[in-house]
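Numbering (this note's numbering), first residue to last: 21 to 346. Even for Gly, the Cβ is constructed at its ideal location relative to N, Cα and C. Down below is the structure, laid out as structure tokens.
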């Protein structure tokens, strides 16, 4: 029997940092946020994108005085300037740059939550959206479900990832890598840099189309920017925690000839990884399956799925399945 090695688990406890929230007076920690926090954050994100006061005011449908007041209030709360202004030209300060990602996350989570498009069940993410004929459901699942699944490839890929310590060029990952997609972060987006020739994506669109997509960001879906942000959050979370994640997904994929949408369902295993130079990556395995369990998804949607070929990967191809079982 071999023993699984789970990488990236030895994380030391962070020491208390002077001046952090741990050192603040109790009344400061418990103080409620400003009543107009959402509008203040929206003003900050808009001005950070435009870097032009007039353009930001027009986009927000606000006034210069209101926008300046929102920024000043945020700066007072955060304890430092978010922008530097030189001859009416705005530039983000170091604090502004560091605060921007969190501000965008507040807006995305707030907007999708109000639309009923995002929620959490047992601290696991659930996303749902419908725009015209297109709909999308994504429910994060406990990782332990892998061991109960009928897919040998799903179990083997997870085991191979643990044995490789996330190194994508490891020999322990080589036999499942043709089924994987490899992503690299570029700015705030994730781009695919490798399509495995046996991956579900190649099986659906073909190898030539997949190769033409290398280097492009993840496609924006019809549900809008905020929903796209929530989808990207799964990549950021996996990379930041250097762990793995399992999702059940139902959606409609564009037909290869562009004539419409086709309903599909699949399980997606996401794993953190590292390129040979040490830079981070995210590896994904997609296994088409009717055996998905997603709340709010009508059973008739699963009854009319487009037939997708399930990867032909059995115990004879597995390196670790039998070793674990013996």
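Handout entry: Whether residue 80 touches residue 93 by CB criterion (8 Å)
Key = no
Problem - Selected residue, minimal CA-CA separation from residue 116, among 149, 219, 212 and 100 - result: Comparing Cα positions, the closest option is 100.
Practice task
Give the secondary structure of residue 201 by DSSP, where H, G and I count as helix, E and B as strand, and everything else as coil.
Solution key: strand
Practice task
Give the DSSP bridge partners of residue 75, in chain order.
Solution key: Residue 75 has no beta-bridge partner at all, per DSSP.
Handout entry: Bounding residues of the beta strand (DSSP E) (the contiguous stretch that carries residue 264)
Key = Looking at the DSSP string, the run of the beta strand (DSSP E) that includes residue 264 is 264-274.
Handout entry: Buried or exposed (CB count within 10 angstroms, at least 16 for buried), residue 177
Key = The residue in question, residue 177, is buried, as its Cβ has 16 or more Cβ neighbours within 10 Å.
Exercise for the section: May I ask you to report which of helix, strand or coil DSSP gives residue 304? Expected result: strand
Handout entry: Sub-8 Å separation of residue 84 and residue 73 beta-carbons
Key = yes
Handout entry: Residue closest to residue 312, alpha-carbon to alpha-carbon, out of 58, 329, 169 and 121
Key = 169
Handout entry: Residues that DSSP places opposite residue 259 in a beta bridge
Key = According to DSSP, which records beta bridges pairwise, residue 259 is partnered with nothing at all.
Problem - Straight-line Cα distance separating residue 67 from residue 216 - result: Looking at the two C-alpha atoms, the distance is approximately 41 Å.
Exercise for the section: For residue 148, write down the residues that DSSP places opposite it in a beta bridge. Expected result: According to DSSP, residue 148 bridges with 157.
Handout entry: Environment of residue 364 [buried if 16+ CB atoms lie within 10 Å]
Key = A query on residue 364 cannot be resolved here, the shown segment of the chain reaching from 21 to 346 and no further.
Handout entry: For residue 222 and residue 174, the rounded distance between their alpha carbons
Key = 18 Å
Handout entry: Where the alpha helix (DSSP H) containing residue 319 begins and where it ends
Key = 319-323
Problem - Minimum Cβ-Cβ distance from residue 299 to chain B less than 8 Å - result: The displayed structure is made up of one protein chain only, and chain B is not part of it.
Problem - Whether residue 266 touches residue 127 by CB criterion (8 Å) - result: no
Practice task
Sort out for me which residues DSSP pairs residue 291 with in a bridge.
Solution key: According to DSSP, which records beta bridges pairwise, residue 291 is partnered with 264 and 303.
Practice task
Give me whichever residues DSSP pairs with residue 140 in a beta bridge.
Solution key: 145
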